[in-house]
Each structure stands twice: as structure tokens, then as C-alpha cells.
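According to the working numbering, the first sequence is numbered sequentially starting from 34.
The C-beta atom is built at its ideal place from N, Cα and C for all residues, glycine as well.
Note that the coordinates shown come from a computational prediction; the quantities given were computed from them, not determined experimentally.
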Amino acid sequence: MQSLPGFRDFFPNECARRNYITGTWRRIARSFGFREYDGPTLEPLDLYRKKNSGGEILGQLFSFTDKGEREVALRPEMTPTVARMLIAKAREYRKPIKWFSIAPFFRYEKQQSGRLREFLQLNCDLVGDDSSAADAEMLALLIETMRAFGLTENDIVVRVSDRRAWMKFLAGKGVTDETKAREVLSVIDKLERDSPEALQAKLAPFGLTLGDLTDFIETARPAFFTALNENLAARGLEGFCQLDLRIVRGLAYYTGLVFEVFDRRQDRRAIAGGGRFDRLLSDLSDGKVDLPAIGFGIGDVVLGDLLADLPDTRAKMEAAMADGQACDVFVVVADESRRNEALGVVQLLRSLGRRVDYPLQSDKVARQFKDADASGASVALVVGNEWPKLKVKDLKARTETDLAQEALADWAANLQTPAP
RNA sequence: GUGGCCGUAGCUCAAUGGCAGAGCCCCGGAUUGUGAUUCCGGUUGUUGCGGGUUCGAGUCCCGUCGGCCACCCCA
34 MQSLPGFRDF
44 FPNECARRNY
54 ITGTWRRIAR
64 SFGFREYDGP
74 TLEPLDLYRK
84 KNSGGEILGQ
94 LFSFTDKGER
104 EVALRPEMTP
114 TVARMLIAKA
124 REYRKPIKWF
134 SIAPFFRYEK
144 QQSGRLREFL
154 QLNCDLVGDD
164 SSAADAEMLA
174 LLIETMRAFG
184 LTENDIVVRV
194 SDRRAWMKFL
204 AGKGVTDETK
214 AREVLSVIDK
224 LERDSPEALQ
234 AKLAPFGLTL
244 GDLTDFIETA
254 RPAFFTALNE
264 NLAARGLEGF
274 CQLDLRIVRG
284 LAYYTGLVFE
294 VFDRRQDRRA
304 IAGGGRFDRL
314 LSDLSDGKVD
324 LPAIGFGIGD
334 VVLGDLLADL
344 PDTRAKMEAA
354 MADGQACDVF
364 VVVADESRRN
374 EALGVVQLLR
384 SLGRRVDYPL
394 QSDKVARQFK
404 DADASGASVA
414 LVVGNEWPKL
424 KVKDLKARTE
434 TDLAQEALAD
444 WAANLQTPAP
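Right, here's the structure in full:
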């Protein structure tokens, strides 16, 4: 038996890696004053079938009929869920609402590098503020999250665009109907993939040429970007962002700013993406809740691949993974007749918050030191016939010093452990 | 969902249609209180699975499952 295609087993090492990524996500989101929330993994199919998500995501739903004849789907994204939650209790929270979640998502796609059927995503949303300052704050949160893994502006780029700039441009070209404008956006979305001939053919019905679009992309300098850039420059983060009007994103609900994060060196799929959806809450609540919102998601798969590929970020990740699985102290029972005293030492150290391991059965000292080494502990405490004295062995320096039993608690309290 | 490439030990890989191997890892041992390295020994296995061709298939053919890549799309 093996796991289903696109689903992962998390052995301790993979689990440590996952915890490093999700732990870093959580720490940075909290540092921006965001509060954690969560929702159900399984949702009514209708939540996605209504025009909220739109686009390709409908064809990628992991859906089935449950035993109560309900049509259900494993969630493919967080936005519809959080939108429902916001609509239900929007009045209870002071604005702006700043929420994040870390949760698994499911899409029924053929797996490929950077794309699985179950993946984790950090979702951050800021609701109730439609200002450029809110946009900049979200981009800063996105960038800081990347920086927390050791990624620099040489490694990644945030390609920033705005659907309003396109709408204005299209209106100037006579495309005023919103449905038609949206169709043009989906052509722009494929600008980097389709052949020029195919693009021309798709644009002709709208009275547009490929040249119209490429001219706009190359020459337009919309005001929104200047404001964003100034805000980010005040934080020293402007080097991460780049105006790129080719980004429009596939999801139907975006209304303004849209952005995606890419690896600067390699041609891999987007690491993160998001945008502004100022009308979604109103649309879903039939106008009862009318709050502007901006959000983004970061997946763990592409990000994890990138972190493993770059030497600096890999070293940082591996150090965190090692620490996440290590003990602080390994107690060596050098004299089996002192096992009870050793258990007392173990108990004391654990009560002081230290991560402690020791041999469950009588074993040769040489073997115990091998186990001590494998435990990741930086020190071994030897309990033997010199009791009530102990020996402290520094496992890296291979030096040994004496320690009186009464001094054990102070020693443990001052023990240096590697910072997470 | 469509197309291409691939599938041998836990991992990385080798074997002309002719007896299934190496390294790493793991486990045990080298005169019973100190973990590097070393030395000796041990398990590495339904060659993904099921058919077919053949005296004989890891090798050739068909199917199937799984993986990688492209399309698609995006985390």
C-alpha cells in the first residue's frame, strides 16, 4: 500500500520541514498583527459552484456525494470559506480585519513538480480597508515572509499589476462591457504562452491587436505602482517588486491589485499569488456585507522546492529541521545500579523544559554515546558510580567536566540551546 | 483529461535475451565507563503489477498502476 498519487506521507524529516515552513509563516503573520483562524476541510460544492471562484478551479475540484446525498468538495482554496465567515460575523470585528490561516487544500490535478493534490497554504487577508497603504502592507507581509526563509531580492521577485489599469485601458479602446473585458483579461493571462497568431485571432473580435496590448504593457506607468513603491521603499523592500502588467490572474473575483511571486533564476511555477477582491463579500452576501478585501496565498510545495535548491536557504532550513528533531541533553546510564538516580535527573531536566532522551535498557557506554550523538543533543550527562557527582560531556568539543548534583538545576537553566 | 520518457534492495545505481550485483543506510560483533575513522559479519529482492513471445525475459511485446516532463493551470 502506498499513499494516493499527489498525497504525501510526512516522515519525521518531512514533518520537521513542514513545521519549519508553517512555523515561519505563523511567526511572520503574527508579527504583522494578523490573527489565526481556520475553517472546514470539506465544504458544500455550491460554495465553489457559484461564480466565486470561477475559471479552471471548478474542473479541479475534489468532489463527491456524501452518505447524506450532499454534494461536497474538499476545499481547493480558502477565499470562499473566509468570505463566508466574514459575512457571518463581519460586524463583530473592528476594521480592518487581519486574519491568516495555515491549512491543507486539495485539487484534483495530475501531479507534477510543484503541484500536488494535497498541499498546505498560508492565506492572509486584510478586510475593510481599500487604501494603497493596505495594498503595500500586504505586499510587505508577503515579502517579509519570504525574507524570513533567507530569500533575498536576488532570489525572488513580486510581479505586480492592477486590473483597474487594464479596465481603464480597455474602456479607452471601446471595450466597456465587463464580461467582454474579462474575456480579454484571460487572453492577457496567456500572453506568455500562446503563439502571436493565436493571440491575434482571440483579440480580433474585441477590435484589439496584439500590438495594442504589448504597447500598453511596455509603456504604461500607472499611478498605483508609484504609491506602492514609495511605501515599500520606506521599509527598504522596493527591490522585491516589479511592475508587470502581464499578470492578471485566473480567478474571477479579483478587482484591483494582483500579484504573483516568482523565482528569479529558474522557470518554476508561481510561489505565491494574490490580489484585491473588493466586491466578493458584497456579491456573496447580496449586498448585506460590503467590505473591500485583499489577500494572498503561499503554497508549501513550490516554496519548499525553492528553499531546498538555494544553498543559503537550504542550510537555514536544514538547521531548523535538525533542531526541530533534536534533544538538548542525553543522559548516559554508565552504572546500571544508578538507573533510578538517572531517571531523577531526566525528570528534573524535563520539568525545566529541556528535551531529554536516555537509554530504556542497559547498554554499553560506547553504544550510549553513539545514541547520544544521533539524538542531536549537544551535551551528554553521565550518571554512574561517581554519584552524587555527574559528568558533563560536550559532545562536539569532546571535553568533559564534573557537575555536583545540587548544581544540576542551575546548570540546566543556563544551558545554551540553539535558537530556532 | 491528452501526449512523450521512465520503473531493479529502504536510498543511489549496474547486469549482451543466459546463475540478480555494488556503494550508502540499517542491525550485530572486535578482552564490559566515552560517540571520529577502521575491521569482521548479517538482511538487502514477488526486477511495480498482470498477461504474452521464447528452451530461457530485469532485458522483447501488450495491458495496468506509479513516477517525471509537456499541454493545461497555479500554491
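Check your understanding: Can you tell which of Asp390, Ser395, Gly377 and Arg387 has the C-alpha that lies nearest to the C-alpha of Gln438?
Key -> Answer by Cα proximity: Gly377.
Kindly indicate which three-state DSSP category Phe133 falls into: helix, strand or coil? Phe133 falls in the strand class under three-state DSSP.
Check: Using CA coordinates, which residue listed in Gly92, Leu218, Gly328 and Ala303 is at the minimum distance from Tyr141?
Finding: When each option's Cα is compared against that of Tyr141, the closest is Gly92.
Per DSSP, which residues does Val379 bridge with? Please list them. Looking at the DSSP assignment, Val379 forms no beta bridge with any residue, so it has no partner.
Worksheet entry | Those residues which DSSP pairs with Ile120 across a bridge | BP columns for Ile120 are empty, so no partner.
Alpha carbon to alpha carbon, how far is Lys424 from Met354? Distance between the alpha carbons of Lys424 and Met354 is about 29 Å.
Exposure label - Asp71; buried when at least 16 CB within 10 Å = Asp71 should be labelled exposed.
Discussion item. So, does the stretch 274 to 286 touch the stretch 208 to 228, judging by three or more C-beta pairs under 8 Å?
Written reply: Because the criterion of three Cβ pairs below 8 Å is met, the stretch 274 to 286 and the stretch 208 to 228 touch.
Practice item. State the CB to CB distance for the pair Val191 and Leu172, rounded to an integer number of angstroms; the pair is presumed to be in contact (CB under 8 Å). Key: The Cβ separation is near 6 Å, so the contact holds.
| task | Mind reading off the beta-carbon distance from Val334 to Val416? Whole number of angstroms is fine, and I expect it under 8 Å. | result | The pair is not a contact, with the Cβ atoms about 46 Å apart (cut-off 8 Å).
Where does the unbroken alpha helix (DSSP H) through Cys48 begin, and where does it stop? Taken as a continuous stretch (DSSP letters only), the alpha helix (DSSP H) holding Cys48 covers Pro45 to Ser64.
Excluding sequence positions up to five away, which residues of its chain have a Cβ less than 6 Å from the Cβ of Arg347?
The residues are Ala341.
Looking at the unbroken beta strand (DSSP E) that takes in Thr209, where does it start and where does it end? It is not in any beta strand (DSSP E) - Thr209 carries neither H nor E in the DSSP assignment.
Among the residues of its own chain, which have a CB less than 7 Å from the CB of Asp99, if the five just before and after it don't count? Once the five neighbours on either side are set aside, the close Cβ partners of Asp99 are Val105.
inquiry  = In whole angstroms, give me the CA-to-CA distance for Ala305 and Leu343.
reply    = Their backbone Cα atoms lie some 18 Å apart in a straight line.
Problem set entry | Between the CA atoms of Ile61 and Ala452 - distance to the nearest angstrom | Low confidence applies here, because Ala452 scores a pLDDT of 46, under 50, leaving its location unreliable; read the following figure in that light. Each residue's Cα considered, the two are about 16 Å apart.
| query | What does a CB cutoff of less than 7 Å around Asp435 pick up in its chain, not counting 5 residues either side in sequence? | reply | In its chain, beyond the 5 residues on either side, Lys422 and Lys424 have a beta carbon closer than 7 Å to the beta carbon of Asp435.
### Lys424 in three-state terms, based on DSSP
Strand, per DSSP.
**Item:** Outcome for Lys403 when other beta-carbon atoms lying within 10 angstroms are tallied against a minimum of 16
**Value:** Result: exposed.
I'd like the span of the beta strand (DSSP E) that includes Ala106, first residue to last.
Start and end: Glu104 to Leu107.
- Query: Among Phe97, Thr185 and Lys321, which has the Cα closest to the Cα of Arg298?
  - Reply: Nearest of Phe97, Thr185 and Lys321 to Arg298, Cα basis: Thr185.
Provide the residue span of the beta strand (DSSP E) that contains Glu263, from first to last.
It is not in any beta strand (DSSP E) - Glu263 instead sits in the alpha helix (DSSP H) that spans Ala256 to Ala266.
Local conformation of Ala452 per DSSP, three classes:
With a pLDDT of 46 at Ala452, under the threshold of 50, the modelled position of this residue cannot be trusted, and the question is left open.
message: Excluding the 5 residues flanking Gln233 on each side, which residues of the same chain have their C-beta closer than 8 Å to its C-beta?
response: Within the same chain, Gln233 has close Cβ partners Thr242 and Leu243.
**Report entry** Cβ contact check for the stretch 126 to 134 and the stretch 150 to 167: 3 or more pairs under 8 Å
**Finding:** A contact exists between the stretch 126 to 134 and the stretch 150 to 167.
Exercise for review: List the residues that DSSP assigns as beta-bridge partners of Leu75.
Suggested key: For Leu75, the pairing in a beta bridge is given by DSSP as Leu107.
ask   = Leu155 and Gly330: beta carbons closer than 8 Å?
value = Yes, Cβ-Cβ distance for Leu155 and Gly330 is below 8 Å.
Fill in: Uninterrupted alpha helix (DSSP H) stretches inside the stretch 387 to 422 (no shorter than 4 residues)
Uninterrupted alpha helix (DSSP H) stretches at least 4 residues long and entirely within the stretch 387 to 422 occur at 398 to 407, given in chain order.
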